[in-house]
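Note sheet for the following structure.
In this note's numbering, the protein residues as written are -15 to 196.
Put into structure tokens, the structure is as follows:
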């Protein structure tokens, strides 16, 4: 199994957490999103991932893009440790939480968005910061509302799920933009619980071979 990823990418981080929780070994393939104009734009990588994004998982010559789809694949192909609940309504709730982050928060603060704020809109540092703070506040209010109803030790109940694989990288990304997550008590509580889990620690960006 091979994972094409970048240490700081929150989507890559999600998949690393999932692989670590499932105790699945893999070859770490670096796709640096900044060096040389972004290695994701190379012909060799874009043939693997036409969206020129990370991560891409290759398992027995079967390549998969998009982090949520990768987690679903891993749960079906390697079901011994489940990330999505068996119960239909619980499973849908976990996916709902993942999508709040996947569609509603992360795309508004990812590298491509920040680059376009520079190149197209000539945004100043203060304007970019205002953009980030506004969208992160909007998103984290939704996360906190969800977790006030469903979280216990972890985001959805007392078992680690795909929701946690999405939550932790989003908190990491938010902190990079100096967003104060302490204002969200359920988010903070679950963050502390997850941070104590060894398998989760191993997936942290600073533990990766391309960390600088």
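Just so it is clear, CB atoms sit at the ideal spot from N, CA and C, and this is done for glycine as well.
- Linking residue 64 to residue 115 through their CA atoms gives a straight-line distance of about 42 Å.
- Judged by DSSP secondary structure, residue -14 falls within the beta strand (DSSP E) whose first and last residues are -14 to -11.
- For residue 47, the three-state secondary structure derived from DSSP is strand.
- Residue pairing for residue 172: DSSP places it in no beta bridge.
- Here DSSP, grouped into helix, strand and coil, assigns residue 139 to coil.
- In this structure, residue 156 lies away from residue 86, with their beta-carbon atoms at least 8 Å apart.
- Contact check for residue -4 and residue 38: beta-carbon distance about 5 Å, within the 8 Å limit, so the pair qualifies.
- Comparing C-alpha distances from residue 163 to each of 100, 108, 93 and 14 shows the shortest one belongs to 93.
- Considering only -12, 145 and 48, the residue with the shortest C-alpha distance to residue 17 is -12.
- The shortest CA-to-CA distance from residue 41 to any of 27, 61 and 22 is the one to 61.
- Secondary structure note for residue 66: it is in no beta strand (DSSP E), with a DSSP letter that is neither H nor E.
- In the three-state reduction of the DSSP assignment, residue 41 falls in the strand class, which pools E and B.
- Proximity of the stretch 128 to 146 to the stretch 75 to 82 meets the contact definition, three or more beta-carbon pairs being nearer than 8 Å.
- For residue 14, DSSP records a beta bridge to -11.
- In this chain, the alpha helix (DSSP H) harbouring residue -6 covers -6 to 5.
- When rounded, the separation of the alpha-carbon atoms in residue -9 and residue 9 is 17 Å.
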